[in-house]
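Beneath this line is the structure, given in structure tokens, with notes to follow.
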Amino acid sequence: MENKMKFGQFIAKKRKEQQLTQKEFASSLFVTESAVSKWERGISYPDISLVSEICRVLQITEHELITASEDYHQRQLEKRGNYFLNIVKTYSAILYGAYIISLLTCLIVNFALEHKLDWFYIVLSAEMLAFSLLNLPLIVKERKGLFTVLGSFISINLLLFVCSWYTGGDWFAVTFVCLLTFYALVFLPLILRAEMKPIGLGKSKALICLIIDTILIYITVIVCMLFSGSMGIQNVLEIAIPLVSIGIILPWIYLLIIRYIRWNNFYKAAICLSISGVYFYMFNSFVHMIIDKKEFSMPAINLTVWNNTYINGNVGLITFMSTILLSIVFTIAGIMYSQKKEHNGFFFRKLI
1 MENKMKFGQF IAKKRKEQQL TQKEFASSLF VTESAVSKWE RGISYPDISL
51 VSEICRVLQI TEHELITASE DYHQRQLEKR GNYFLNIVKT YSAILYGAYI
101 ISLLTCLIVN FALEHKLDWF YIVLSAEMLA FSLLNLPLIV KERKGLFTVL
151 GSFISINLLL FVCSWYTGGD WFAVTFVCLL TFYALVFLPL ILRAEMKPIG
201 LGKSKALICL IIDTILIYIT VIVCMLFSGS MGIQNVLEIA IPLVSIGIIL
251 PWIYLLIIRY IRWNNFYKAA ICLSISGVYF YMFNSFVHMI IDKKEFSMPA
301 INLTVWNNTY INGNVGLITF MSTILLSIVF TIAGIMYSQK KEHNGFFFRK
351 LI
């Protein structure tokens with residue numbers, strides 16, 4: 001009976017705070033005034049189907065109704081949420097106002113001075129970029145990151161295209177390829193992680209990402225070399241492509257070792273270090289062979305002399321020896337780890 005009385009007193013208090021009579025409260029719930037009177041006198045509880053409607057009319061939460069007490073924590077959270085929403089609305093309204101005022105001003109000035117629209121399109125595309133970064137994340141309800149990245153990529157390219165058109169340049173293709181490669185290197189891993197997991201390709205995202213990045217790097221180098229005029233198509237094929245291949249091969253080796261070799265991480269680290277040592281030791285020799293069209297030769301080494309003739313070979317040798325020593329350390333650690341794991345597994349099977 002005490003709980004019913006507490007519940008009734010709470011209902012009456014909240015009804016009066018909303019400045020409702022029992023008759024008005026009953027009418028809004030489509031129940032009789034007698035039923036409301038019984039609730040408030042602690043004689044009976046309302047039907048469970050009325051809970052949501054009672055909360056709406058009295059402007060309380062279901063938790064407050066069930067416990068017949070004020071939920072100050074929840075109200076504080078709602079208050080903060082409403083405050084944040086008001087800030088977002090004010091922020092958006094200010095930005096929209098700034099967009100409209102600046103666009104109208106530039107439109108009038110550009111047309112008045114030039115009797116046509118030209119640099120106005122630069123302002124328009126620049127504001128589209130600002131919109132994609134500042135307003136689009138607030139508008140999109142799902143996949144905010146994906147749509148923000150795509151929106152910024154499209155708007156940046158639009159801005160670059162307009163600038164290229166306005167200045168009479170022919171460099172837009174180069175900037176588009178470079179920007180596409182940059183976005184792929186920075187954002188593609190995040191996009192693949194979010195988008196490919198639901199379709200069962202999450203385990204292959206690193207391989208897919210590296211394939212796409214490799215293709216884009218080749219395209220970027222070819223386009224930049226041909227646009228700059230520093231190399232003809234033959235030199236691009238004979239020099240630029242082989243140099244890019246040498247540079248990209250190490251990430252591919254790391255991926256194949258780390259992702260697809262079924263050994264413990266210590267062994268993988270040892271293999272990667274060993275290969276890295278050999279790679280950096282012989283890197284300059286391969287580069288000179290490609291650029292100078294000479295036969296492959298090992299770098300000259302003389303640790304007592306550090307001039308231009310020997311410095312690359314000396315540094316390469318020290319790097320090679322350091323990585324080999326580290327790989328030996330990781331190999332020993334891998335052996336110890338494997339023995340410990342095998343011992344623990346044997347002990348566990350013995351207990352079973």
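In this text, residue positions in the sequence shown follow full-length UniProt numbering: the first is 1, and each later residue adds one.
Cβ coordinates follow ideal geometry from the N, Cα and C atoms, glycine included.
Where residue i sits in the DSSP three-state scheme
{"i": "GLU53", "result": "helix"}
{"i": "LEU351", "result": "Because LEU351 carries a pLDDT of 48, less than 50, the predicted location of this residue cannot be relied on, and no value is offered for it."}
{"i": "GLY334", "result": "helix"}
{"i": "ILE43", "result": "coil"}
{"i": "MET231", "result": "coil"}
{"i": "ASP213", "result": "helix"}
{"i": "SER37", "result": "helix"}
{"i": "ALA70", "result": "Note that residue 70 corresponds to Glu in the displayed sequence, not to Ala. In this structure, GLU70 counts as coil in the three-state DSSP scheme."}
{"i": "LYS341", "result": "helix"}
{"i": "TRP252", "result": "helix"}
{"i": "GLY145", "result": "helix"}
{"i": "TRP165", "result": "helix"}
{"i": "THR319", "result": "helix"}
{"i": "GLN9", "result": "helix"}
{"i": "GLN76", "result": "helix"}
{"i": "ARG15", "result": "helix"}
{"i": "ILE101", "result": "helix"}
{"i": "ARG262", "result": "coil"}
{"i": "ILE60", "result": "coil"}
{"i": "THR90", "result": "helix"}
{"i": "THR32", "result": "coil"}
{"i": "MET1", "result": "Low per-residue confidence applies at MET1: pLDDT is 44, beneath 50, and the placement is therefore not dependable enough to give any value."}
Segment limits, alpha helix (DSSP H) that includes residue i
{"i": "GLN22", "result": "22–29"}
{"i": "PRO137", "result": "136–139"}
{"i": "ASN308", "result": "That residue, ASN308, is in no alpha helix (DSSP H); it is neither H nor E in DSSP."}
{"i": "SER297", "result": "Counting along the chain, SER297 falls outside any alpha helix (DSSP H), and DSSP gives it neither H nor E."}
{"i": "LYS116", "result": "LYS116 -> no alpha helix (DSSP H), and no H or E assigned at all."}
{"i": "LEU273", "result": "265–292"}
Nonlocal neighbours in the same chain, by C-beta distance under 7 Å from residue i, ignoring five residues either side
{"i": "VAL236", "result": "ILE222, MET225 and LEU226"}
{"i": "VAL140", "result": "PHE147"}
{"i": "ALA184", "result": "ILE212, ASP213 and LEU216"}
{"i": "ILE261", "result": "LYS268"}
{"i": "LEU192", "result": "LYS205, ILE208 and CYS209"}
{"i": "LEU180", "result": "LEU216"}
{"i": "ALA68", "result": "LYS6, PHE7 and PHE10"}
{"i": "VAL174", "result": "VAL223, CYS224 and PHE227"}
{"i": "ILE156", "result": "LEU129 and LEU179"}
{"i": "ILE291", "result": "ILE239"}
{"i": "GLN76", "result": "none"}
{"i": "VAL51", "result": "GLU62 and LEU65"}
{"i": "VAL36", "result": "GLN22, PHE25 and ALA26"}
{"i": "MET1", "result": "At MET1, the pLDDT of 44 sits below 50, so the modelled position is not reliable; the number obtained from the coordinates is stated separately. So the list reads GLY42, once near-sequence residues are dropped."}
{"i": "ASN135", "result": "SER92 and LEU95"}
{"i": "MET298", "result": "SER285"}
Spatial neighbours of residue i in its chain, beta-carbon cut-off 8 Å, leaving aside the 5 residues before and after
{"i": "TRP252", "result": "LEU210 and THR214"}
{"i": "ILE241", "result": "TYR218, VAL221 and ILE222"}
{"i": "PHE346", "result": "With a pLDDT of only 49 at PHE346, under 50, the local geometry of the prediction cannot be trusted, and the value read off the model is given with reservation. Around PHE346: no qualifying Cβ."}
{"i": "VAL287", "result": "LEU243 and ILE246"}
Contacting residues, own chain, Cβ-Cβ under 6 Å from residue i (five flanking each side not counted)
{"i": "ARG15", "result": "PHE25"}
{"i": "LEU104", "result": "none"}
{"i": "PHE153", "result": "TYR183"}
{"i": "MET289", "result": "PHE296"}
{"i": "GLU33", "result": "GLN22, LYS23 and ALA26"}
{"i": "CYS106", "result": "PHE120 and VAL123"}
{"i": "ASN302", "result": "TYR310"}
Would you call the stretch 91–111 and the stretch 130–147 touching, i.e. three or more CB-CB distances under 8 Å? yes
Does the stretch 308–326 touch the stretch 278–286, meaning 3 or more C-beta pairs lie closer than 8 Å? yes
Kindly confirm or deny that the stretch 262–275 and the stretch 325–335 touch, where touching means at least three C-beta pairs closer than 8 Å. yes
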